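See below for the structure under consideration.
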Amino acid sequence: MTSFFIFDDVQLADESCPDLAVLVVGGEVDYEVSPQLRQRIVHAIRAGRRRLVLDLSDVTFIDSTAIGVIAGAVAKLEDAGGGSLAVVCAHEKVLQVFRITALDSVIALHSSREEAVSALALTG
Amino acid sequence: MSVDSSELHIPARRSELAAARRYAGEVATAFGLDSESCYEFVYAVNEAVTNAIRHGAADEHGMIHLSVHAEADRLTFTVRDRGTFVTPVAEGTATSECGRGLALMADLADEVQLHTEPGSTTVRLSKARSPECVPARIRGG
Numbered sequence: 000m001t002s003f004f005i006f007d008d009v010q011l012a013d014e015s016c017p018d019l020a021v022l023v024v025g026g027e028v029d030y031e032v033s034p035q036l037r038q039r040i041v042h043a044i045r046a047g048r049r050r051l052v053l054d055l056s057d058v059t060f061i062d063s064t065a066i067g068v069i070a071g072a073v074a075k076l077e078d079a080g081g082g083s084l085a086v087v088c089a090h091e092k093v094l095q096v097f098r099i100t101a102l103d104s105v106i107a108l109h110s111s112r113e114e115a116v117s118a119l120a121l122t123g
Numbered sequence: 000m001s002v003d004s005s006e007l008h009i010p011a012r013r014s015e016l017a018a019a020r021r022y023a024g025e026v027a028t029a030f031g032l033d034s035e036s037c038y039e040f041v042y043a044v045n046e047a048v049t050n051a052i053r054h055g056a057a058d059e060h061g062m063i064h065l066s067v068h069a070e071a072d073r074l075t076f077t078v079r080d081r082g083t084f085v086t087p088v089a090e091g092t093a094t095s096e097c098g099r100g101l102a103l104m105a106d107l108a109d110e111v112q113l114h115t116e117p118g119s120t121t122v123r124l125s126k127a128r129s130p131e132c133v134p135a136r137i138r139g140g
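So the sequences go chain by chain: A and B. First residue of the first sequence? That's 0 in numbering that gives the first Met the number 0, and the numbers climb one at a time after it. First residue of the second sequence? That's 0 in numbering that gives the first Met the number 0, and the numbers climb one at a time after it.
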C-alpha cells in the first residue's frame, strides 16, 4: 500500500484571498492515489477556488499519473474561467520529474508554501 | 530472491504498485546500483508496471508478470502483460493528463525495449552498474 496524505491548509487560505486553496500533499503519489489528488483539486475548483497552491514539500515519489493530474489542474482552471496554480517543491527528485516532463515551463514552482501563496496573492 | 534471476507475479491492481517498487528497489540494491541509479531504476519500473495495470490486460488469473535478470554489469527488468500496446498519440497540449510515462522511462532507464504483438506486451528496462560499485551480498532463494 502506498504511503500518502493530502489535506487542506486552512490557515494560509485566509479571508484576504477567499478563492485561494492550499493543498498539502505528502508521501508517495502514484497511480493508486492520484485519483484522490484529482478529486481534491476538482472539489476545490468546484468550491470556487481559482488560486491553487499544491505543496509537494513532503512528497517523496511522484509518478507520471500524478504529474498528469497536476498538469490537468491547469486545464481545469482554464475551463472554469481562469485561475492560477503554484506548486511548492524543494525535493530534487520531484523537481527532476517536472523538468523531464517540461512542466516546469508551464507551472510556477516555488521553494516554500509562503512564497507560493504570496505569488498567487499578487495574481488576478 | 536471487539477483541473477527472479520473478514476481502480482495482481493487476493499483494497490500492488508499492510492492512492485519495493521489489525493484531490493533487487537494484542487492545488485549494487548506487542510490541515484537505484532510484531511477525503481522509477522506470513503476512506470512500466503502471502502464501494464492501466493499459494492459492481466492473464486468466488476473496477474501480470515481473522478472529481473542480471548479466555482467546490467540489470534488466521485464514487465509482461496480455494487453496489446497502443502507441500514445502525440499530446495536443502541455496540460494533458496522459502520455508522459514512456518519456520518463526512457529518460531514467539506460535502455527501454518495447515488444508488442496481439495479446502480449513486454517492456524491458535496463540499468548499468558503475564499474566501481561492489555488489551487495547476493541472497540465495
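Even for Gly, the Cβ is constructed at its ideal location relative to N, Cα and C. These numbers were taken from a predicted model, which means no experiment stands behind them.
Next on the checklist: Looking at the secondary structure, which residues open and close the beta strand (DSSP E) in which F60/A lies?
Outcome noted: 50–61
Checklist entry - Between the stretch 42–75 of chain A and chain B, which residues of the former have CB atoms less than 7 Å from a CB of the latter, in chain order? => result D62, S63, T64, I66, G67, V68, A70, G71, V73, A74
Next on the checklist: Quick test of the definition: if touching needs 3 or more C-beta pairs under 8 Å, does the stretch 21–35 of chain B touch the stretch 48–63 of chain A?
Outcome noted: no
Next on the checklist: For V85/B, count the other beta carbons within 10 Å of its own beta carbon; 16 or more makes it buried, fewer makes it exposed. Which is it?
Outcome noted: exposed
Checklist entry - So what does S66/B bridge to, in DSSP terms? => result Under the DSSP definition of a beta bridge, S66/B partners with E6/B, T77/B.
Next on the checklist: Going by DSSP in three states, S110/A sits in which element: helix, strand or coil?
Outcome noted: coil
Checklist entry - Do you know how far the Cα of L107/B is from the Cα of L121/A? => result 37 Å
Checklist entry - To which residues does DSSP link D7/A through a beta bridge? => result L22/A
Checklist entry - What does a CB cutoff of less than 6 Å around A51/B pick up in its chain, not counting 5 residues either side in sequence? => result I63, V78, D80
Checklist entry - From P17/A, V21/A, T1/A, pick the residue whose C-alpha is nearest to that of A115/A; which is it? => result V21/A
Item to check | Length of the line joining the Cα atoms of T75/B and A43/B | outcome: 11 Å
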